[in-house]
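Colleague:
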Amino acid sequence: MSQTFLQEFETRSTAATADSPDWLEPVRRRAMDRFAATGFPTAREEEWRFTPVAPITQTPWRQASGTARVKRQDLESFVFGHPEWITLVFVDGVYREELGSGGLRSGGIQVHSLADAISGNGVPLQAHLTRYAPIDSSAFTALNTALIREGAIIQVGANTEATRPVHLVFVTTKEAHGCAIQPRNLIVVERGARAAVVESYVSLAPGSSYWTNTVTEVVLGANAWLEHTRIQRESERAFHIGATHVHQLRDSHYRNFSMAMGGALARHNLHARLNDSNVETLLYGLYITRGDQLVDNHTTIYHDQPNCRSWEVYKGILDGRSRAVFNGKVLVKPEAQQTDAKQTNRNLLLSDQAKVNTKPQLEIFADDVKCTHGATVGRLDDLALFYARSRGVPAQDAQRLLTYAFAAEVIAEVTLQPVREELEHLVRERLGTL
Amino acid sequence: MEAALLEIQGLRASAGDTEILRGIDLTVRAGEVHAVMGPNGSGKSTLAQVIAGHPAYKVTSGQILYQGRDLLDMEPEERAQAGVFLAFQYPVEIPGISNAYFLRAAYNEIRKARGLEEVDSLDFLDLLEEKLRVVEWGPDIMSRAVNSGFSGGEKKRNEILQMAVLEPTLAVLDETDSGLDIDALRIVAKGVNALRQPDKATILVTHYQRLLNYIIPDRVHVLSAGRIVKSGGKELALELEARGYEWLEEAVTT
């Protein structure tokens, strides 16, 4: 099956040399070699033990044309009702300028389609692109790197206070059925700048089966601030493998909220490297699964330098026969003294058949640190249910209300109000809450 | 005399294998305030929770009639919809939803059950404004998560706010006064006294007499070992304050 991608790579390399920068070709070549050497992961690998990717690796995925007819109003339910935001729309993986907002380059923010940037529109890519997502971190990242073409580049200039959030909308249509989509994004927030970016993976074809393999690299300069929200609402028959690699310089603040409610199988690898002193990293997550869905979140926080703080809360709500995997690594290097790291994973099971595999992994090599973790898997609190019922709320509504409350507690960490409200709305809709 | 609003007859209830209520008889008429007192472990909180339908307790015999209906046959939410309210001794924290959201959900469920139209959040805010005055609170409290991170006193006050909004026909307050300072106590009393209407009744479960300085009960009952061992007028509370509970417990055992 890897063969189809090798062929795609060779075809693309021959055709692409003309319009891609010289430095990129060897990078892509190395990534392809790496992917060819390792192949896709198997369940024998610890990292993929609970998430069998055979349905992905055994499907002969095609390339999507990206020419499906999509109207602006088809996207209304995905864009939070804020026309002033900077929005880029990708249909079946291909950038569609006519569906996005204007004003991609204004007031210290520069947003480009990666395809444009690669074909040489003067955007400097080499300093950052492929620098933060190592090809040996996963075969999927290697493959994505080898096939780099579509995606977005967001650059927020030094000391820019970005007032307009940037929203990347990756939407699939029924024409993506049977196709692999491999977006690649780069977010650069330079020193002293402040920005908000939302990445949405959504579908107009709820029954279609496709595969998204996406990689986003994020770099924060000194004293930069970024709120990065990731909303994964793929078709429930789709496959989603995502990687987010974050690189932070001193005094920067990065907050990520990762919502996963779509996909037959969805995996997100989030790597945050706290590579300088006094860095703050907040990772929040919410996954809501039903039916036979499998949602896997792997996070790795690298405390490489002293005086950094990381705070992580992931919550899951599982129904039906669905499964969730949470693996949270916190790696504290010997020099990373005064590290303050806290990790929490809480799961709510709504059905007897739902299952969670949760694993915190703390590897601490410094002695003067504060690191804690906790994981819970449980049901709704009987006393809280009685409390709500004693106020007149019928049993089933009380369950939904408390389930919603469980989710809303972590959604409250999203500071961008329209996104927070939309997430609350999505969860209420999914749970059937009042 | 008014017809009985609540009639408890021969009520026995257990938690697990332990029998806590061992034959309670109590009649509460509309317009009355009853105080249920007694030492720790006498069963007074259990009585309050059984009236509200707490699932941890199993009624083994006896009955409770509320407005002539078999209360024990009703789900907790049906009791609330019919006008029964329990102010919890330990109100539950619900992080994630605001006080306003929770209370409006409750208010609307009760209205729905009575065939009334639900109110939207704006109309509800108007109603709240008036009720917040009862508990001497500003509107900020409504955007905080339900009881989450509230002090003990704030939680109790929040129960009184919920009671003021839901306007129950029968309010049962389970040791709402314990742990309160004088100001909070006065606010609780104000909430209860506001509900003192000819068609409503209140049962105050309390360990101490001091709340009864602010709310004058019509009847006082003393519970011991799961039974009412003495009933009287408001002067009984003062006697208990002066003499403690031991003399009554001795009277029962001998």
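Respectively, the protein sequence lines represent chains H and R. Numbering follows our numbering, in which position 327 of the first sequence is assigned residue number 327; successive positions increment by one, without gaps. Numbering follows our numbering, in which position 148 of the second sequence is assigned residue number 148; successive positions increment by one, without gaps. Glycine included, each C-beta is placed from N, C-alpha and C at the ideal position. Fair warning: this is a prediction, and the values are worked out from it, not measured in the lab.
#1: Please compile the residues from chain H whose C-beta is within a distance smaller than 9 Å of the C-beta of residue 51 (chain R).
#2: According to DSSP, simplified to helix, strand and coil, what is residue 222 (chain H)?
#3: I'd like the list of long-range same chain contacts for residue 400 (chain H), defined as Cβ closer than 8 Å, with 5 residues on each side in sequence excluded.
#4: Going by the beta-carbon positions, is the gap between residue 200 (chain H) and residue 231 (chain H) smaller than 8 Å?
#5: With distance defined between alpha-carbon atoms, name the residue in R:59, R:87 and R:88 nearest to residue 74 (chain R).
#6: Between the alpha carbons of residue 419 (chain H) and residue 151 (chain H), how many angstroms are there, rounded?
#7: Using 8 Å for Cβ pairs, my map puts residue 407 (chain H) next to residue 427 (chain H). What's the rounded Cβ distance?
#8: So, helix, strand or coil for residue 43 (chain R), using DSSP?
#9: Can you look up residue 143 (chain R) in the DSSP assignment and give me helix, strand or coil?
#10: Buried or exposed for residue 195 (chain R), going by 16 or more other Cβ atoms inside 10 Å?
#11: Let me know the secondary structure DSSP gives residue 71 (chain H) once reduced to three states.
#12: Thinking just about the alpha-carbon of each residue, which of H:221, H:336 and H:242 is nearest to the one in residue 308 (chain H)?
#13: Report the residue from R:84, R:79 and R:142 whose alpha carbon sits nearest the alpha carbon of residue 103 (chain R).
#14: Rounded to whole angstroms, what's the CA-CA distance from residue 13 (chain R) to residue 44 (chain R)? Just pull it up for me.
#15: With DSSP run on the structure shown, which of helix, strand or coil describes residue 290 (chain H)?
#16: Can you tell me whether residue 254 (chain R) is helix, strand or coil according to DSSP?
#17: Less than 8 Å separating the beta-carbons of residue 164 (chain H) and residue 84 (chain H)?
#18: Consider the Cβ of residue 409 (chain H): report whether some Cβ of chain R lies at a distance smaller than 8 Å.
#19: Nearest CA to the CA of residue 167 (chain R): which residue from R:37, R:119, R:236 and R:107?
#20: Going by DSSP, which residues form a beta bridge with residue 174 (chain R)?
#21: Measure the C-alpha to C-alpha separation of residue 258 (chain H) and residue 105 (chain H) and round it to an integer number of angstroms.
#22: List the residues of chain B whose Cβ lies closer than 9 Å to the Cβ of residue 77 (chain R), in chain order.
#23: Taking only three categories from DSSP, how would you classify residue 37 (chain R)?
#24: What separation, rounded to the nearest whole angstrom, lies between the Cα atoms of residue 50 (chain H) and residue 383 (chain H)?
#25: I'd like the list of long-range same chain contacts for residue 415 (chain H), defined as Cβ closer than 7 Å, with 5 residues on each side in sequence excluded.
#26: Write down the C-beta distance between residue 206 (chain R) and residue 175 (chain R) rounded to the nearest angstrom, noting that I regard them as a contact closer than 8 Å.
#27: So residue 422 (chain H) is in the alpha helix (DSSP H); what residue range does that whole segment cover?
#28: Just list the residues that DSSP pairs residue 245 (chain H) with in beta bridges.
#29: Distance check for residue 220 (chain H) and residue 282 (chain H), CA to CA, integer angstroms please.
#30: Pop quiz: residue 41 (chain R) and residue 134 (chain R) are said to be a contact at Cβ under 8 Å. What is the actual Cβ separation, rounded to whole angstroms?
#31: Assign residue 251 (chain H) to buried or exposed, taking buried as 16 or more other Cβ atoms, counted over all protein chains shown, within 10 Å of its Cβ.
#32: Going by C-alpha distance, which of H:135, H:273 and H:320 is nearest residue 306 (chain H)?
#33: To the nearest angstrom, how far is the alpha carbon of residue 64 (chain H) from that of residue 202 (chain H)?
#34: Quick one: is residue 92 (chain R) near chain H, going by C-beta distance under 8 Å?
#35: Would you verify that the beta carbon of residue 382 (chain H) is, or is not, closer than 8 Å to some beta carbon of chain R?
#36: Please report the residue range of the beta strand (DSSP E) in which residue 19 (chain R) lies.
Modeller: The short version:
#1: Correct list: empty, because the minimum Cβ distance to chain H is about 10 Å.
#2: Coil, per DSSP.
#3: 431, 432, 433 and 434
#4: yes
#5: R:59
#6: 22 Å
#7: 5 Å
#8: coil
#9: In the structure shown, residue 143 (chain R) sits in a helix (DSSP, three-state: H, G or I).
#10: buried
#11: When secondary structure is reduced to three states using DSSP, residue 71 (chain H) falls in the coil class, being assigned neither helix nor strand.
#12: H:336
#13: R:142
#14: 12 Å
#15: coil
#16: In this prediction, residue 254 (chain R) scores a pLDDT of 46, lower than 50, which makes its location untrustworthy; no coordinate-derived value is stated.
#17: Yes. Within cutoff.
#18: yes
#19: Closest by alpha carbon: R:107.
#20: R:205
#21: 27 Å
#22: Structure shown: chain B not included; protein chains present are H and R.
#23: strand
#24: Cα atoms of residue 50 (chain H) and residue 383 (chain H): separation of roughly 34 Å, rounded to the nearest angstrom.
#25: 227
#26: Confirmed, Cβ separation roughly 6 Å.
#27: Residue range 417–431 is occupied by the alpha helix (DSSP H) that includes residue 422 (chain H).
#28: H:217 and H:271
#29: 14 Å
#30: 33 Å between Cβ atoms; not a contact.
#31: buried
#32: H:273
#33: 16 Å
#34: yes
#35: yes
#36: 18–29
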